[in-house]
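J.:
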Amino acid sequence: MSHQRGSSTADGVKEPHAVSLKVLRLSRPSLSMQHPLPTPSPYSKSSPSSFPPPPASLAYPSTKPDSFILSPLLTLPPAFGSAYVGETFSCTLCANNEILSGSSSAKVITNVRIEAEMKIPSSGVPISLMLGPNHPEMEKGEAENGEARDPERDRNGVDLEPGQSLQKVVNFDLKEEGSHVLAVTVTYSETTPISGRIRNFRKLYQFVCKGCMVVRTKTGLLPSGEKEGRKWALEAQLENCGEEVITLDMAVLETRKRFRSQGLNWEILGEGEEIERPVLMPGDVQQVCFLVEEILGTGGEQLESTDGRLIFGVLNLGWKGTMGSRGFLSTGTLGARLK
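Residue 203 in full-length UniProt numbering sits at position 203 of the sequence shown, with consecutive numbering throughout.
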């Protein structure tokens, strides 16, 4: 996780806890990069012995050396990384019974429970998070297989033998920029032959969510026929402000009642053409455009404006990262100001 802000013990006991908490972010791996060394030219005057063998520079040596910079090996993220608006923040919460198996300790750890909340910048009230054993994509697969999820499964306590762990996965859709705080509370019962007590502790983990996609829009009025509704061209400039390459796979203008829209982007194909989705490097900009048409009323009347402005709807954007991680963003309401 990002840096830990602190911890507290609600029961005031100074004795170390028998249960510890580990919080790790779940991120997709990346392909390991290799930098092949130059091979001697047939016309080189240097001795062949001065060049290292080509496989020595490869991250994944094989009988068929490949000079491509990406290898089949996967690399785990070396640090917490960056969190972006539109992504699903996932992490695993692991409560561990620190009593070693075979030790002489008479303590018995039972009814271990994990609870999590997320504090977001726009609200002073923390959001209670649902804990589950799986990642969202795995849970979707379970639902398709008819395996219903039991909410009580997340709230029931678990008895932990010495050395055992309780692991949960928490997921949260990031929708705004700014500082977020993940609060995790662990509660458990600690029993000895002569006494028993309920103990708990709470840890806070803070991270900053940044914007991945900057959207700038403008509208222009288009000519239309006498018995037709008004028409506008809505242009949107999409800038990748993140640190990794993304592929746009969706740009849809979701219109309100009395409007319809048509995308004029990569989904328009000629005969025999294949769709080619835009790939945005960090800092790249992609222009998208939509034709917005007004639907006249039954009597041919036009839609009345509100404070001199017509609201078309919202722009929904979807993208994928280099290893298939998905992001989704909806803008605020878009429209045109009438002169």
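From the three backbone atoms N, C-alpha and C, an ideal C-beta is built for every residue, glycine too.
If the criterion is Cβ atoms closer than 8 Å, does the pair glycine 308 and leucine 334 meet it?
T.: No. Outside cutoff.
J.: Quick check on valine 125: buried or exposed, where buried means 16 or more other Cβ atoms within 10 Å of its Cβ?
T.: Valine 125 comes out exposed.
J.: Can you give the Cα-Cα distance for phenylalanine 259 and glycine 229, rounded to whole angstroms?
T.: Computed Cα separation, rounded: 9 Å.
J.: Which value, in whole angstroms, describes the spacing of the CA atoms of leucine 129 and threonine 247?
T.: Spanning the two alpha carbons is a distance of roughly 30 Å.
J.: Hey, leucine 234 and threonine 255 are a contact pair by Cβ (cut 8 Å); roughly how many whole angstroms apart?
T.: Actually they do not touch by this definition, with Cβ atoms about 10 Å apart.
J.: Buried or exposed, going by whether 16 or more other CB atoms sit within 10 Å of the CB of arginine 113?
T.: Classification of arginine 113: buried, given that the 10 Å Cβ count is 16 or more.
J.: For serine 122, which residues from the same chain have a beta carbon less than 7 Å from its beta carbon, with the 5 sequence-adjacent residues on both sides left out?
T.: Counting only Cβ-Cβ distances below 7 Å, and skipping sequence neighbours, we find Glu176.
J.: Counting only the same chain and skipping the five closest in sequence on each side, list residues whose C-beta sits under 6 Å from that of serine 189.
T.: Excluding sequence neighbours, serine 189 sits near Thr110, Asn111, Ile198.
J.: With burial defined as no fewer than 16 other Cβ atoms inside 10 Å of the residue's Cβ, what is the status of glycine 313: buried or exposed?
T.: Buried.
J.: Buried or exposed for serine 101, going by 16 or more other Cβ atoms inside 10 Å?
T.: Counting Cβ neighbours within 10 Å, serine 101 comes out exposed, since fewer than 16 surround it.
J.: Would you mind stating whether lysine 231 and valine 292 have Cβ atoms separated by less than 8 Å?
T.: Their beta carbons are under 8 Å apart, which means lysine 231 touches valine 292 by this criterion.
J.: Judging by CA-CA distance, which residue of Phe207, Gly321, Lys203 is the nearest neighbour of serine 179?
T.: With distances taken between Cα atoms, serine 179 lies closest to Phe207.
J.: Kindly indicate which three-state DSSP category valine 184 falls into: helix, strand or coil?
T.: The answer is strand: DSSP assigns valine 184 an E or B state.
J.: Relative to the C-alpha of valine 245, which candidate in Met323, Arg216, Lys168 has its C-alpha closest?
T.: Closest by alpha carbon: Met323.
J.: Residue range of the beta strand (DSSP E) that leucine 315 falls in?
T.: Residues 309-320.
J.: Excluding the five sequence neighbours on either side, which residues of its own chain have a C-beta within less than 8 Å of the C-beta of aspartate 249, listed in chain order?
T.: The residues are Arg277, Gly318, Trp319, Lys320.
J.: Am I right that asparagine 96 and serine 165 are in contact with their C-beta atoms under 8 Å? What's the rounded C-beta distance?
T.: At roughly 5 Å, the Cβ-Cβ gap stays under 8 Å, so asparagine 96 and serine 165 are in contact.
J.: What do you get for glutamate 87, buried or exposed, if any count of 16 or more other CB atoms within 10 angstroms of its CB means buried?
T.: When all chains shown are included, glutamate 87 counts as buried.
J.: Alpha carbon to alpha carbon, what distance is there between glycine 283 and serine 82?
T.: So the alpha carbons of these two residues sit roughly 16 Å apart.
J.: For a test of the three-state rule: what should DSSP assign to tryptophan 232, helix, strand or coil?
T.: It is a strand residue.
J.: I'd like to check one pair, lysine 168 with alanine 21: are the Cβ atoms closer than 8 Å?
T.: It should be noted that the sequence gives leucine, not alanine, for residue 21. It is not a contact, given that the beta carbons lie outside the stated cut-off.
J.: How should leucine 24 be labelled, buried or exposed, when 16 other C-beta atoms within 10 angstroms of its C-beta is the threshold for buried?
T.: Looking at its Cβ environment, which holds fewer than 16 other Cβ atoms inside 10 Å, leucine 24 is exposed.
J.: Sorted by chain position, which residues of the same chain lie with C-beta nearer than 8 Å to proline 223's C-beta, five sequence neighbours on each side aside?
T.: Correct list, in chain order: Lys231.
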